[in-house]
Amino acid sequence: MGQNEIRLRRDPISAGKIHRHQNYSALMRKHGRYLKLKKMLYVLYVVIFVILFGLLFIVIHLQKKQGKTLHQTESTTNTNPANQK
Amino acid sequence: MSEDEIREEYAILERARRNPNAFSALYEKYFDRIFNYIYRQTDDEDLTADLCSQTFLSVLKNLDRYQFRGVPFSAWLYKIASNEVNKHYRNKKSSKVFSLEEVRVRELIDMANEGWDEELIGQMLTYLKELPTDMLEVLELRFFEDKNFKEIAFILDITEGGAKMRTYRALDRLRMNFKLTITYANGTK
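Taken in sequence, the protein lines are chains A and B.
Just so you know, we're using our numbering here: the first sequence kicks off at 1 and counts up by one.
Just so you know, we're using our numbering here: the second sequence kicks off at 1001 and counts up by one.
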């Protein structure tokens, strides 16, 4: 049930007091910082993606290369007449 | 709010999506109302200023996501402000404060009872304290912010029927409490 505190105010808060807290340029500065951070994060994600993609490409390339070398070694050992005896 | 005003606000929002500086017109227009709305739920000027700034910042961040859903833009502002206040109380883990203007409380008494005096105001505060938070929230939006049921439903994320039901139930409870008090007072005399 009720767990709230109810207070009674004789006067509403004055327009002057409210106006003192109104600061659009500060809000814009904060928003500007947020947009900058968002851009930086975006760039960071792109960089991470490129690095990961590059690493994946290198790993696949190395595996293919290794597979080829292994295949070549196997075929040379198979064609060696000494081994066929 | 007229259709022209809603359309005008929407045009400002469209401009603000491309250039956040265009948002200043809406900031100037709604700052007072949002400040008062938050202040009523905190009774702390500095905290209200922080939450108010957080509300407008959140609005700017999510401007791209805003879609017109048949309610004025201000309803979306109130919704974000309400979320900010609730987030604050969740983090603080304390009971919610409702700091009500006496003039409005008198009007509320007039709706639940005929006439008012100091004693009735005191009783009203006691009865309001007994109401659950969701009922106090609808009463605040209905009688202190003059919102219609459609807007209340949007702000509190409930159905329009739900908003009406909550309001009427809250008023019924207040009426019942007043009747009980009056009967008790007459019976003891």
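Each residue gets a CB set at the ideal place from its N, CA and C atoms; glycine is no exception.
Original post:
Shortest alpha-carbon distance to A1022 of chain B belongs to which of B:E1009, B:I1034, B:E1151?
Top reply: Sequence index remark: in the second sequence, residue 1022 of chain B carries index 22 (1-based). Considering only alpha carbons, the answer is B:E1009.
Original post:
Quick one: is I48 of chain A buried, meaning 16 or more other Cβ sit within 10 Å of its Cβ, or exposed?
Top reply: The residue given as residue 48 of chain A occupies position 48 in the first sequence. Residue burial is scored here from C-beta neighbours: I48 of chain A has fewer than 16 other C-beta atoms within 10 angstroms and is therefore classed as exposed.
**OP:** Identify the continuous alpha helix (DSSP H) that holds V1071 of chain B and give its terminal residues.
**Re:** For this step, residue 1071 of chain B is matched to residue 71 along the second sequence. Judged by DSSP secondary structure, V1071 of chain B falls outside any alpha helix (DSSP H); it is assigned neither H nor E.
Original post:
With 16 other CB atoms within 10 Å as the buried threshold, where does Q1041 of chain B fall?
Top reply: The count along the second sequence starts at 1 and reaches residue 1041 of chain B at position 41. Around the beta carbon of Q1041 of chain B, 16 or more other beta carbons sit within 10 angstroms, so the residue counts as buried.
Original post:
Under the rule that 16 or more other beta-carbon atoms within 10 Å means buried, what is I18 of chain A, buried or exposed?
Top reply: As a first step, residue 18 of chain A is located in the first sequence; it is residue number 18 there, counting from the start. Counting Cβ neighbours within 10 Å, I18 of chain A comes out buried, since at least 16 surround it.
Original post:
When DSSP builds the beta bridges, which residues end up paired with R1015 of chain B?
Top reply: Residue 1015 of chain B sits at position 15 when you count from the first residue of the second sequence. For R1015 of chain B, DSSP assigns no beta-bridge partner whatsoever.
Original post:
What distance in whole Å lies between the Cβ atoms of T1167 of chain B and L1139 of chain B, which are believed to be in contact at a cut-off of 8 Å?
Top reply: The count along the second sequence starts at 1 and reaches residue 1139 of chain B at position 139. The count along the second sequence starts at 1 and reaches residue 1167 of chain B at position 167. 7 Å between Cβ atoms; contact.
**OP:** Along the beta strand (DSSP E) that carries I6 of chain A, what are the first and last residues, could you check?
**Re:** Stepping through the first sequence from its first residue, residue 6 of chain A is reached at position 6. For I6 of chain A, the uninterrupted beta strand (DSSP E) run begins and ends at 5-9, by DSSP.
Original post:
Touch check for the segment 1121-1133 of chain B and the segment 1-12 of chain A: three-plus C-beta pairs under 8 Å?
Top reply: Three or more beta-carbon pairs separated by less than 8 Å link the segment 1121-1133 of chain B to the segment 1-12 of chain A, which places the two stretches in contact.
Original post:
Beta-carbon of K39 of chain A versus every beta-carbon of chain B: anything under 7 Å?
Top reply: For this step, residue 39 of chain A is matched to residue 39 along the first sequence. Interface with chain B (7 Å Cβ-Cβ cutoff): K39 of chain A is excluded.
**OP:** Tell me E1028 of chain B's beta-bridge partners as DSSP assigns them.
**Re:** Here residue 1028 of chain B refers to the residue found at position 28 when the second sequence is read from its first residue. DSSP, once it has assigned bridges, lists no residue as partnering E1028 of chain B.
**OP:** Go through the segment 1126-1163 of chain B residue by residue and report every complete run of the beta strand (DSSP E) that reaches 3 residues or more, in order.
**Re:** Here no run is fully enclosed.
Subject >> Partner residues on chain B for R9 of chain A, Cβ-Cβ distance less than 7 Å >> reply: Position 9 of the first sequence, counted from the first residue, corresponds to residue 9 of chain A. S1099, L1100, E1101, E1102, listed in chain order.
Original post:
Given I1121 of chain B, which residues of its chain have a CB within under 8 Å of its CB, disregarding the five upstream and five downstream residues?
Top reply: As a first step, residue 1121 of chain B is located in the second sequence; it is residue number 121 there, counting from the start. Around I1121 of chain B, the same chain offers E1102, V1105, R1106, I1109 as residues with beta carbons nearer than 8 Å, after the five sequence neighbours per side are excluded.
Original post:
Based on the DSSP output, what are the partners of L1199 of chain B in its beta bridges?
Top reply: No answer is possible for residue 1199 of chain B: the residues shown for chain B start at 1001 and end at 1189.
Original post:
Relative to chain B, which residues along the segment 20-50 of chain A have a C-beta separation below 7 Å, given in chain order?
Top reply: Per Cβ criterion, the list reads H21, Q22, Y24, L27, M28, K30, H31, Y34.
**OP:** Closer than 7 Å by C-beta to I1038 of chain B: which residues in its own chain qualify, once you throw out the five before and the five after it? Chain order, please.
**Re:** Translated into the one-based positions of the second sequence, residue 1038 of chain B becomes position 38. Excluding positions up to five away in sequence, the list reads T1048, L1051, C1052, A1081, V1085.
Original post:
What residue ranges within the segment 20-45 of chain A form continuous beta strand (DSSP E) runs of no fewer than 3 residues, ordered along the chain?
Top reply: Counting whole runs of 3 or more residues, the segment 20-45 of chain A contains no beta strand (DSSP E) stretch at all.
Subject >> Simplified DSSP state of Y1066 of chain B, which is helix, strand or coil >> reply: Walking along the second sequence from the start, residue 1066 of chain B turns up at place 66. Look at Y1066 of chain B here: in three-state DSSP terms it is coil, with no helix or strand label.
Original post:
Counting pairs of Cβ atoms below 8 Å between the segment 1136-1156 of chain B and the segment 13-27 of chain A, do you hit three or more?
Top reply: Segments in contact, no.
Subject >> Other residues of its chain near D1218 of chain B: CB distance less than 6 Å, five sequence neighbours each side excluded >> reply: In the structure displayed, chain B extends from 1001 to 1189; residue 1218 of chain B sits before or after that span and is not available.
Original post:
Is the CB of D1043 of chain B under 7 Å away from at least one CB in chain A?
Top reply: Here residue 1043 of chain B corresponds to residue number 43 of the second sequence, with the count starting at 1. Among the CB atoms of chain A, one or more fall inside 7 Å of the CB of D1043 of chain B.
Subject >> Beta carbon of K1147 of chain B nearer than 7 Å to that of L1141 of chain B >> reply: Here residue 1147 of chain B is taken as the residue at index 147 of the second sequence, counted from 1. Here residue 1141 of chain B is taken as the residue at index 141 of the second sequence, counted from 1. It is a contact, given that the beta carbons lie within the stated cut-off.
Original post:
Rounded to a whole number of angstroms, what is the C-alpha to C-alpha distance between P12 of chain A and Y1066 of chain B?
Top reply: Here the question's residue 12 of chain A lines up with position 12 in the first sequence. Here the question's residue 1066 of chain B lines up with position 66 in the second sequence. If I take the Cα positions, the gap works out to 31 Å.
Original post:
By Cβ distance below 6 Å, which residues in the same chain neighbour E1118 of chain B in space, the five residues on each side in sequence not counted?
Top reply: Start at 1 with the first residue of the second sequence, and residue 1118 of chain B comes out as number 118. The beta carbon of E1118 of chain B lies closer than 6 Å to none in the same chain, with the five residues before and after it left out.
**OP:** Report yes if the C-beta distance between V1020 of chain B and H31 of chain A is below 7 Å; otherwise report no.
**Re:** Taking the second sequence and counting its residues from 1, the one referred to as residue 1020 of chain B is at position 20. Taking the first sequence and counting its residues from 1, the one referred to as residue 31 of chain A is at position 31. As written in the sequence, residue 1020 of chain B is Pro, which differs from the Val given in the question. Less than 7 Å separates the beta-carbon of P1020 of chain B from that of H31 of chain A.
Original post:
So which residues of chain A does A1049 of chain B contact, with C-beta pairs closer than 7 Å?
Top reply: Mapped onto the second sequence, residue 1049 of chain B falls at position 49. Those within 7 Å of A1049 of chain B in chain A are H21.
**OP:** Spatial neighbours of M1001 of chain B within its chain, please: CB distance less than 7 Å, with the 5 preceding and 5 following residues excluded, ordered by chain position.
**Re:** In the second sequence, residue 1001 of chain B corresponds to position 1, counting from 1. Closer than 7 Å at the Cβ level, and outside the excluded window around M1001 of chain B, lie P1072.
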